[in-house]
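First comes the structure, then the notes that go with it.
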Amino acid sequence: MRRKTKVPPAPLPQRLGIDPVRLRLPMERGWATVRDHLVDRLPVPASVIDGMLGEGAVVGTDGPIAPDAPYVPGAFLWYHRDFPDETPVPFPITVLHRDENLVIADKPHFMAMAPRGQHVTQSALARLRRELDLPTLSPAHRLDRLTAGLAMFIIRPEHRAAYQGLFQERRVHKEYEAVAPYEPALDLPRTVSSRIIKEHGVLAAQEVPGPPNSESRIELVETRGALGRYRLTPVTGRTHQLRVHMCSLGVPILSDPLYPEVVPGIALDDFRAPLQLLARTLEFTDPLTGRQHSFRSRRTLESWPAPPAGPADRVAG
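For my numbering, count along the sequence shown from 1 and bump the result up by 343.
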């Protein structure tokens with residue numbers, strides 16, 4: 344077996360909490376210079392490549408790459424990409440717990456968990472790296488941009504596998520809270536199982552025939568008029584699973600722009616109608632220390648604020 348090449352450390356620092364892009368030149372000798380390869384590979388005009396090289400913005404293990412540097416198969420290069428224009432998410436991300444290994448944050452609605460697409464420097468990961476001065480911070484799991492609540496981050500790269508394994512092996516107990524229409528005829532609690540697929544480039548996931556790959560426990564906690572507050576416990580972690588399952592029961596989560604139908608034309612800087620879904624509880628045994636952890640989000644859903652003067656209608660069970 345061919346030995347895996349060790350990747351050298353990046354010679355460029357992070358910018359706004361974002362790592363530089365790393366490229367490795369292909370082993371074939373199809374280009375005379377590094378510039379020729381970059382012009383072929385990167386989806387930008389040649390003039391942009393020339394400008395980056397002229398400014399010393401493309402860096403190898405021995406320093407900036409000269410505009411006429413010869414092509415060296417297998418060499419590593421780094422550079423910073425241009426970030427998209429982003430409207431700052433106007434809500435704080437709150438740290439509930441920090442130790443030598445973990446950061447547990449209470450993420451607001453509209454904030455992406457990690458850099459992706461048009462959400463880069465305003466992602467939870469980038470903001471926490473900057474605010475906590477933790478450049479090696481990485482996410483332990485996924486949480487939708489539109490979902491608020493508890494998010495786990497790993498401080499040291501060597502511990503990444505141990506903490507991500509908690510989620511992969513379903514050794515984390517998670518509970519979510521949602522506000523949705525109250526349907527008296529709906530028999531709850533119940534477990535919903537179905538096959539969910541999410542196609543690349545398609546906004547909404549869908550349920551299709553076939554063996555189930557998703558499972559959620561749905562419970563009604565209390566009601567207020569036409570609305571219900573629900574406790575959602577996912578067993579699996581498919582994309583948009585809880586949103587799909589609530590919609591399939593006929594009680595789609597309030598302010599969901601995808602289910603039951605995609606709402607077109609919502610601007611990325613429109614923060615007026617947050618999805619009424621909150622990652623409320625996170626419980627697990629620390630794989631490194633053996634300590635039992637139990638965290639609870641301090642956030643509330645705007646459709647279910649502090650209890651009114653009269654008591655809410657409690658639902659047994």
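We put the beta carbon where it would ideally sit given N, CA and C, even for glycine.
Between the CA atoms of residue j and residue i - distance to the nearest angstrom
i: Pro661; j: Arg472; result: A query on residue 661 cannot be resolved here, the shown segment of the chain reaching from 344 to 660 and no further.
i: Val387; j: Arg424; result: 11 Å
i: Val329; j: Leu359; result: This structure gives no information on residue 329, because the portion of the chain shown stretches from 344 to 660.
i: Glu645; j: Glu501; result: 39 Å
i: Leu474; j: Val515; result: Going by the sequence as given, residue 474 is Glu instead of Leu. Approximately 27 Å, taken between the alpha carbons.
i: Phe510; j: Leu396; result: 42 Å
i: Met344; j: Arg615; result: Here the model assigns Met344 a pLDDT of 48, short of 50, so the residue's position is not dependable and the matter cannot be decided.
i: Leu592; j: Leu529; result: 8 Å
i: Ser598; j: Gln619; result: 6 Å
i: Leu445; j: Asp487; result: 20 Å
i: Ala469; j: Pro527; result: 43 Å
i: Ala649; j: Ala547; result: 32 Å
i: Lys349; j: Arg365; result: 13 Å
i: Val438; j: Tyr602; result: 31 Å
i: Pro363; j: Phe426; result: 11 Å
i: Asp476; j: Gln357; result: 11 Å
i: Arg367; j: His380; result: 11 Å
i: Gly460; j: Asp428; result: 11 Å
i: Arg503; j: Leu480; result: 10 Å
i: Gln635; j: Pro532; result: 28 Å
i: Pro435; j: Pro617; result: 15 Å
i: Ile361; j: Arg567; result: 44 Å
i: Arg574; j: Ile609; result: 28 Å
i: Cys590; j: Glu550; result: 11 Å
i: Leu563; j: Gly394; result: 59 Å
i: Pro433; j: Glu604; result: 27 Å
i: Gly666; j: His440; result: Past the edges of the chain, shown from 344 to 660, lies residue 666, and the structure says nothing about it.
i: Arg513; j: Pro369; result: 38 Å
i: Gly588; j: His452; result: Note on residue identity: the sequence assigns His, not Gly, to residue 588. Taking the straight line joining both Cα atoms gives about 20 Å.
Other residues of its chain near residue i: CB distance less than 6 Å, five sequence neighbours each side excluded
i: His462; result: Ala455
i: Arg560; result: Thr534, Thr576
i: Gly399; result: Pro407
i: Val606; result: Pro600
i: Arg639; result: Thr624
i: Ser466; result: Ala455, Ala457, Pro458
i: Leu493; result: Ala622, Leu625, Phe638, Ser640
i: Val594; result: Ala523, Pro524, Glu526
i: Val578; result: Glu558
Cβ neighbour criterion (16 or more within 10 Å) applied to residue i
i: Gly660; result: Confidence at Gly660 is low in this model, with a pLDDT of 37, below 50, so its placement is unreliable and the value that follows should be read with caution. Per the 10 Å Cβ criterion, exposed.
i: Ala569; result: exposed
i: Ala448; result: buried
i: Asp613; result: exposed
i: Arg623; result: buried
i: Thr490; result: buried
i: Val545; result: exposed
i: Ile596; result: buried
i: Ala521; result: buried
i: Arg642; result: buried
i: Glu518; result: buried
i: His543; result: exposed
Bridge partner(s) assigned by DSSP for residue i
i: Val438; result: Ala448
i: Trp421; result: Arg365, Val402
i: Val522; result: Arg572
i: Leu563; result: Tyr573
i: Pro407; result: Val402
i: Arg623; result: Arg623 pairs with nothing; no bridge assigned.
i: Gln549; result: Ile540
Neighbourhood of residue i by C-beta, 7 Å cutoff - its chain only, sequence neighbours within 5 removed
i: Pro354; result: Val402, Thr404, Trp421
i: Ala483; result: Met495, Phe496, Ile497, Tyr506, Gln507, Phe510
i: Leu385; result: Ile392
i: Thr430; result: Leu611, Asp612
i: Ala389; result: Val382
i: Asp442; result: none
i: Trp647; result: Val522, Arg572
i: Pro688; result: In the structure as shown, the chain begins at 344 and stops at 660. Residue 688 is therefore absent and cannot be evaluated.
i: Asp411; result: Thr376
i: Arg499; result: Asn444, Thr479
Same chain only: Cβ atoms within 8 Å of residue i, ignoring 5 sequence neighbours per side
i: Glu371; result: Pro416
i: Gly580; result: His484, Arg485, Phe510
i: Pro413; result: Ala375, Thr376, Val377
i: Ala409; result: Leu396
Chain B contact for residue i (CB, 8 Å cutoff)
i: Leu493; result: This model lacks chain B altogether, as it is built from one protein chain only.
Would you check if the segment 540-554 and the segment 615-633 touch, i.e. whether three or more CB-CB distances between them fall below 8 Å?
no
Tell me, please, whether the segment 583-602 touches the segment 531-546 by the rule of three or more beta-carbon pairs shorter than 8 Å.
yes
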